[in-house]
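**Student:**
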Amino acid sequence: MSEMLLNPALPGLMLRRWRQLHRVKQSCAAELFGVTQSTISRWESGVLELDPLAHKKLEKLLAARLTTAADQALGRMVRESSRPVHLICDLTHRLLACSSSRAAQFASPVSELMGSSLWRFATPNIISKEVDLDRLGWREAFAPPALEFLTGDNNSPIVPISQSLCRWTRIPLSDGATARLVESL
1 MSEMLLNPAL PGLMLRRWRQ LHRVKQSCAA ELFGVTQSTI SRWESGVLEL DPLAHKKLEK
61 LLAARLTTAA DQALGRMVRE SSRPVHLICD LTHRLLACSS SRAAQFASPV SELMGSSLWR
121 FATPNIISKE VDLDRLGWRE AFAPPALEFL TGDNNSPIVP ISQSLCRWTR IPLSDGATAR
181 LVESL
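FYI, full-length UniProt numbering numbers position 131 of the sequence shown as 131, with every residue one higher than the one before it.
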């Protein structure tokens, strides 16, 4: 499950931001999604929800990737950190980078988790905070730089989460996608 599924208006807003950042007209986006320009307009205004196929295309389009030199340097900094931290796609929760101290907490090798969503391991507290992100302005231009909260426990043998103070920091990537640095404090 991605966070886009939590707020039905979010996909349209994200599509509009992607179009504006990449200077893509609604008519070109319509071709990309195989719909009419008016459908794109209705998605963006929140009048119409994306169908499941369009939703998957949008998630793939918006997913954070560490492709540029600057973004790869961010990934290296996370991997080389002595602190228990990891970097995820802010949209899909896919694991992008992980420090060795965080990886030591996982029962599965990081290589098996890399590129897959960690959402299935979320605690009720994490889910609640995720739902709150839009209300807090997380995706706005002047978003709070970071959020701190108590995680709660998940009792997962694969990616265990114990009650701790957690900090999420939203980091814009070179292509306009966003990553989230997750730190245990």
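Where is the CB? At the ideal position from N, CA and C, for every residue including glycine.
1. Measuring CB atoms only, is the segment 48-57 touching the segment 29-39, in the sense that at least three cross pairs come out at less than 8 Å?
2. Give the single residue among LYS25, ARG65 and SER184 whose Cα lies nearest to the Cα of ILE171.
3. Going straight from the alpha carbon of SER164 to that of LEU150, what length do you get?
4. How big is the Cα-Cα spacing for ASP90 and ARG42?
5. Quick one: residues in its chain with C-beta nearer than 7 Å to the C-beta of GLN20, no 5 flanking neighbours on either side, listed in chain order?
6. Starting from the C-beta of LEU48, find all residues in its chain whose C-beta is less than 6 Å away, skip the five residues before and the five after it, and write them out in chain order.
7. Which of the three DSSP states, helix, strand or coil, is assigned to LEU86?
8. State the DSSP-derived secondary structure class of PRO172, mapped to helix, strand or coil.
9. Nearest by alpha-carbon distance to ALA63: which of THR169, ALA70, THR92 and LEU87 is it?
10. Using a Cβ-Cβ cut-off of 6 Å (strictly less than) and excluding sequence neighbours within five positions of ARG16, which residues of its own chain qualify?
**Tutor:** Checking against the coordinates, here is how it stands:
1. yes
2. ARG65
3. 5 Å
4. 24 Å
5. none
6. ARG42
7. First, the amino acid is wrong: residue 86 is His here, not Leu. Three-state result, HIS86: strand.
8. strand
9. THR92
10. GLU44
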